[in-house]
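With the UniProt record's numbering, the residue at position 105 of the sequence shown is 105, and numbering never jumps.
Beta carbons are placed, not taken as given, at the ideal position from N, Cα and C, and that holds for glycine.
These numbers come from a predicted model, not from an experiment.
Here the structure is laid out as structure tokens; the discussion comes afterwards.
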Amino acid sequence: MLNKMALAFSLLVSSNYLYSTSKVYVYRNADGVLVFSDKPHPSAEEISPKSKIESIPAVNTSLDSSNTRSANNDKQVEYTVKVIQPQDKATIRDNTGAVYVATQVVPTYQADMKVRLLLDGQEAMPPQSRSVFMLKNVYRGEHTLKIELIDSNGKVIASSKPRTFYMHRASVITPK
């Protein structure tokens, strides 16, 4: 399967390089399948025509899923995880307590991995395959967010630095 992907990639990059100067992007869709496109995608990485197929993260089901070794070499993959939104020390004004949380994982993580959101040190919702979260009914005050990348065995393989934000909700108490 990897050879077919390598051939498809080579043809795509070659034809793109010969007929235009546009850019090529690669990302994994929700099913973990590599998608090559000439249009940017939020989780896509730009590839140059000189890139080798070895530089694209591949899912290899023949590998032991308890580690994060690449199919092309024997080195351990180092993942970095960070919270993109909300900004650190941001004040969110929303009377429903809704908070949109966007994260970034580099390199693109494998389909069998999950992302977990911690709010004030507690799991805010079950781990998911997407890296975007929507929190609801967050109480007013100071809160801390942290993101963890979890492998298929439930082991945390990367985590973000804590990010503080402040929830501002209008009070229903009126002064007398």
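By Cβ distance, which residues of its chain are closer than 6 Å to residue i, with the 5 residues on each side in sequence left out?
{"i": "Tyr166", "result": "Thr91 and Glu142"}
{"i": "Thr80", "result": "Val106"}
{"i": "Asp64", "result": "With a pLDDT of only 40 at Asp64, under 50, the local geometry of the prediction cannot be trusted, and no value is derived from it."}
Residue i: buried (16+ other C-beta within 10 angstroms of its C-beta) or exposed?
{"i": "Met113", "result": "buried"}
{"i": "Tyr109", "result": "buried"}
{"i": "Pro86", "result": "buried"}
{"i": "Asp38", "result": "exposed"}
{"i": "Asp31", "result": "exposed"}
{"i": "Ser160", "result": "buried"}
{"i": "Ser131", "result": "buried"}
Under 8 Å, do residue i and residue j count as touching if we go by C-beta distance?
{"i": "Asp120", "j": "Arg169", "result": "no"}
{"i": "Ile147", "j": "Val83", "result": "yes"}
{"i": "Leu145", "j": "Val115", "result": "no"}
{"i": "Asp88", "j": "Arg163", "result": "yes"}
{"i": "Ala158", "j": "Arg28", "result": "no"}
{"i": "Thr96", "j": "Asn137", "result": "yes"}
Select from the options the residue whose C-alpha is nearest the C-alpha of residue i.
{"i": "Val24", "options": "Glu123, Thr103, Val105 and Ala44", "result": "Ala44"}
{"i": "Leu118", "options": "Ala102, Val35, Ala111 and Pro107", "result": "Ala102"}
{"i": "Gln104", "options": "Met125, Ala124 and Ser129", "result": "Ser129"}
{"i": "Gly154", "options": "Ser171, Val33, Ala30 and Pro126", "result": "Pro126"}
Tell me whether residue i, by its Cβ, gets closer than 7 Å to a heavy atom of the ligand FAD.
{"i": "Gly121", "result": "For the structure depicted, the ligand FAD is absent and the ligand set is empty, with no information on it obtainable."}
Can you list, in chain order, the residues of its chain with a C-beta nearer than 8 Å to that of residue i? Leave out the 5 residues immediately preceding and following it.
{"i": "Met134", "result": "Ala98, Val99, Tyr100 and Val101"}
{"i": "His41", "result": "Tyr25, Tyr27 and Val35"}
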